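The opening residue of the sequence shown carries number 940 in this note's numbering; numbering runs sequentially from there. Cβ atoms here follow ideal geometry from the backbone N, Cα and C, with glycine treated the same way. The structure presented is a predicted model; accordingly, all values stated were derived computationally and were not measured. This report refers to the structure that appears directly beneath it.
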Amino acid sequence: MDASAARALDAQVVGCAASHQRLLTAIDELTDEDCRTQSPLSGWTRGHVLNHLARNADSHTRMFEAATRGDEVEQYAGGMAARVAEIDAGAHRPVSDLISDVRVSIYTLEAAWAGATATTWGGFGIKSHSDGSRVAIADLVLMRWCEVEVHHADLNIGYTWQDWDPLFVRYDLDRKVMAWRARKPMGLTTLPDAVQRLSPNERLAWFYNRVTVNGVAPADPY
């Protein structure tokens, strides 16, 4: 890993850890009733969102630990079907269990970051989404940061896409624009004018289908 990449990784670790703390502070006062309330995500209560955040952290820890051994494993054991079933199965637990689970999963993941070796950072995991492609372990920190920022807003407890960390937005917007261009035919890789006129936070929210833009088709979030 070159010096520039190492600096970016360090900044992402610090930024994601700060986002973890904002999330833990925000959910600490939730009640059982709060967690049974529907989130903005179709079919998911706040309990589903919290359980997803915990299971996502576990999935990253799983890939980190495998990479440290020199192995590559799929993000979720059993793939996407198992991921969906596990999220649903744990979403209806008491709020105290949900919050504790999120907290433990966060600190376990951060311990995996702290214990990562050069072998770990040079390794790969296998994404369970869509095509099951490989993902560089060094890219997982930004991906986790995305999960925390986006789903913190999805909890609808006072934190919105307008509050997303500016450094997160800068890093992730670059990533989303590159992915957008890679999926488009040659000559059609420029974002629609209406999207380019949006603020960075709103543009990234559009990429994640959290806002709509009149006259522009929704973005593919993956």
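Through-space distance from residue j to residue i, alpha-carbon basis
| i | j | result |
| --- | --- | --- |
| D1010 | K1066 | 14 Å |
| E1049 | L1079 | 12 Å |
| R946 | N990 | 31 Å |
| P979 | W1119 | 24 Å |
| R1073 | G1062 | 10 Å |
| N1140 | A1028 | 33 Å |
| A1156 | H1068 | 22 Å |
| S981 | R961 | 24 Å |
| W1084 | A1053 | 16 Å |
| D1159 | A944 | 27 Å |
| S998 | G1018 | 11 Å |
Three-state secondary structure assigned by DSSP to residue i
| i | result |
| --- | --- |
| A1050 | helix |
| Q1101 | helix |
| T1059 | helix |
| G1064 | strand |
| E968 | coil |
| G954 | helix |
| S1039 | helix |
| I1096 | coil |
Chain D contact for residue i (CB, 8 Å cutoff)
| i | result |
| --- | --- |
| L963 | Among the chains in the structure shown there is no chain D, since it carries only a single protein chain. |
N-terminal and C-terminal residue of the beta strand (DSSP E) that residue i is part of
| i | result |
| --- | --- |
| A1030 | Neither: A1030 is in no beta strand (DSSP E) and is coded neither H nor E. |
| V1074 | R1073 to A1075 |
Beta-carbon separation (whole angstroms), residue i vs residue j, contact threshold 8 Å
| i | j | result |
| --- | --- | --- |
| A957 | G986 | About 25 Å; that fails the 8 Å criterion. |
| L1081 | D1111 | 6 Å |
Cβ neighbours of residue i in the same chain (closer than 6 Å, five flanking residues each side left out)
| i | result |
| --- | --- |
| L992 | V1041 and H1090 |
| V995 | The identity of residue 995 in the sequence shown is Asn, whereas the question assumes Val. For N995, where only same-chain residues beyond five positions count, the Cβ hits under 6 Å are E1086. |
Residue range of the unbroken alpha helix (DSSP H) whose run includes residue i
| i | result |
| --- | --- |
| W983 | Run containing W983: none; DSSP gives neither H nor E here. |
| V1165 | A question about residue 1165 goes unanswered here, because the residues of the chain that appear run from 940 up to 1161. |
| R1142 | P1139 to F1146 |
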